[in-house]
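Numbered by numbering that gives the first Met the number 0, the letters in the sequence shown go through residues 0 to 169 in order.
Here a beta-carbon is modelled for each residue, glycine too, at the ideal position from N, C-alpha and C.
For reference, the structure discussed in these notes is given below.
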Amino acid sequence: MSATSEKVTTVTTICTVILRELRTERGLHQAQVAEWIAKTPSAWTKIESGKAPMQFEIFIRVCRGFQVWPSAVMATAERYASYLGQLNWSVISSELPSNEDDLLEFAQQYWGSPGCRNSVANRWNQLPVLNGPQWNADGTILVSAPFLFATNPTFRDIQLSAQEPPSLGF
Numbered sequence: 000m001s002a003t004s005e006k007v008t009t010v011t012t013i014c015t016v017i018l019r020e021l022r023t024e025r026g027l028h029q030a031q032v033a034e035w036i037a038k039t040p041s042a043w044t045k046i047e048s049g050k051a052p053m054q055f056e057i058f059i060r061v062c063r064g065f066q067v068w069p070s071a072v073m074a075t076a077e078r079y080a081s082y083l084g085q086l087n088w089s090v091i092s093s094e095l096p097s098n099e100d101d102l103l104e105f106a107q108q109y110w111g112s113p114g115c116r117n118s119v120a121n122r123w124n125q126l127p128v129l130n131g132p133q134w135n136a137d138g139t140i141l142v143s144a145p146f147l148f149a150t151n152p153t154f155r156d157i158q159l160s161a162q163e164p165p166s167l168g169f
């Protein structure tokens with residue numbers, strides 16, 4: 000993460016986070032997405048984790064696999080870019096090394112957190128990623144969990160300190 004108070008991310012990272020959340024919401028495995036794009040599961044994992052670039056053709060195929068218009072994903076990405084911009088993030092359209100991309104780093108921390116693992120079993124109380132962000136009349140903003148994790152230190156602390164559910168021994 001950048002040492003300065005201003006955080007930086009890219010439009011591509013926002014789209015990648017949206018697609019990862021969409022995959023999780025629909026209960027799909029990375030191998031299923033990899034099959035849609037005619038790549039190995041490890042190739043898709045690299046794209047999803049920001050270690051390999053997402054080419055436009057792959058973006059289109061993944062959206063089609065989810066049966067979502069690419070324009071809907073892009074419109075969602077524009078709303079999240081606006082949300083991040085309101086919080087003084089820089090959203091750039093050029094490439095950025097993954098170790099300098101704050102959203103990517105926060106999203107990976109979120110996906111590895113106990114709070115995220117707990118939420119996978121019950122997504123009822125979470126805003127679907129394509130529906131966000133939502134600006135409410137009372138001044139609150141509803142955002143998908145990885146974006147909230149990146150922008151809200153209190154939510155981040157709760158997710159990182161959440162208790163893992165006990166194993167059922169299966």
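Check, Outcome
"Could you name each continuous beta strand (DSSP E) segment of 3 residues or more that falls completely within the stretch 65-133, going from the start of the chain to the end?", "89-91"
"Taking Cβ to Cβ, would you say residue 155 is nearer than 7 angstroms to residue 148?", "yes"
"How would you write the range of the beta strand (DSSP E) that residue 8 sits in, first residue to last?", "7-9"
"With a 10 Å radius around its C-beta and 16 neighbouring C-beta atoms as the bar for buried, classify residue 19 as buried or exposed.", "buried"
"Rounded to whole angstroms, what is the Cα-Cα separation between residue 1 and residue 67?", "Confidence in residue 1 is poor, its pLDDT being 48 and thus under 50, which makes the residue's placement unreliable; the coordinate value appears in the next sentence. Cα-Cα distance, rounded: 33 angstroms."
"By Cβ distance below 6 angstroms, which residues in the same chain neighbour residue 116 in space, the five residues on each side in sequence not counted?", "none"
"Between residue 32 and residue 14, what straight-line distance do the alpha-carbon atoms span, to the nearest angstrom?", "15 angstroms"
"Taking the alpha-carbon positions, what's the residue 4 to residue 101 distance?", "11 angstroms"
"Taking all protein chains shown into account, do 16 or more other C-beta atoms lie within 10 angstroms of the C-beta of residue 131, making it buried, or fewer, making it exposed?", "buried"
"Please indicate yes or no: does the CB of residue 41 lie closer than 6 angstroms to some heavy atom of the ligand ADP?", "The ligand content of the structure shown is nil, which means the ligand ADP is not present either."
"Is there contact between the stretch 57-64 and the stretch 36-49, where contact requires at least three CB pairs shorter than 8 angstroms?", "yes"
"Can you give, in chain order, each stretch of the beta strand (DSSP E) that sits fully within the stretch 10-54 and has at least 3 residues?", "none"
"Mark residue 160 as exposed unless 16 or more other C-beta atoms lie within 10 angstroms of its C-beta, in which case mark it buried.", "exposed"
"Is the CB-CB distance between residue 103 and residue 49 below 7 angstroms?", "yes"
"Grab me the residues of residue 133's own chain with a C-beta within less than 6 angstroms of its C-beta, minus the 5 sequence neighbours each way, in chain order.", "141"
"Which partner residues of residue 59 appear in the DSSP bridge assignment?", "Its beta-bridge partners do not exist; DSSP assigns none."
"Measuring CA to CA, which of 9, 10, 23 is closest to residue 125?", "23"
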